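The structure under discussion appears below in the form of structure tokens.
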Amino acid sequence: LPQQAAPAGFAVVEHGFSRRCENMVQTTLKVAQTRLVVLCITAPLAGGNTALAQALAADIASGTLRLPGGGVLPAKVVAAGFSAGGVFAARLAQALAALAPHRLRGLLMLDPVAASGLGHAIADVSASGTRPVLAITANPSPCNAFNNVAAHLRQLSTDLDAAGQDAFVGLQLTRES
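And the structure:
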């Protein structure tokens, strides 16, 4: 929970495939300093764990999920995740876009590993460029399935360019050998 002021929003920030929320402590603390309530769930995230993403989205949209002490979650929601957590974040954001589109503010994927249906998920989140989708990827390697998300991100960029929209930002961090 933000310590300095009232929360401005709610962020779900997820870990990667072989990680846990304990690996995200410093990241989530930094996010909380921006006045966001942060949630990380330690769960299996292979393939994006669609069932968990949909259940969490339903709880957020219905008001079932509450702050510690029973308070209401802030209305503005962002989804973020690293690796398999990025796919989970995309699935969560896609479900929120369907259930409570007015609440979803965007998606951030950090070196996501693509899974079935990811292209449709990020297109649904983007809503033809009306909602930001941000991605930061690394050089292709076994850890990111050789950057198998690139084709999905290129397609989103192409689709948004064709529609005259600019709500996708992609950045690839590279290292010369």
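Going by the working numbering, the first residue of the sequence shown is number 785, and it counts up by one from there.
Glycine included, each C-beta is placed from N, C-alpha and C at the ideal position.
Quick caveat: nothing in here was measured; it's all calculated off a predicted structure.
Can you pull the DSSP bridge partners for PHE930? PHE930 pairs with nothing; no bridge assigned.
Examine the Cβ distances between the stretch 866-879 and the stretch 818-834 and report whether three or more of them are shorter than 8 Å. yes
For VAL933 and CYS824, what's the separation of their Cα atoms in angstroms? 23 Å
Who are the near neighbours of PHE794 in its chain, counting only those whose CB is closer than 6 Å to its CB and skipping five residues on each side? VAL821, LEU857, PRO858, VAL861
Assigned exposure category for ARG938 - 16 Cβ within 10 Å defines buried: exposed
Nearest by alpha-carbon distance to PRO926: which of VAL797, PHE801, GLN810 is it? PHE801
Rounded C-alpha distance that separates VAL871 from VAL917: 12 Å
Would you tell me roughly how many angstroms separate the C-alpha atoms of ARG804 and ALA864, rounded to the nearest one? 15 Å
Rounded to the nearest angstrom, what separates GLU798 and ALA947 at their Cα positions? 31 Å
Compare the C-beta of SER802 against all C-beta atoms of chain C and say whether one is closer than 9 Å. Here chain C cannot be found, since the structure has a single protein chain.
Alpha carbon of SER910 to alpha carbon of MET893, nearest angstrom: 13 Å
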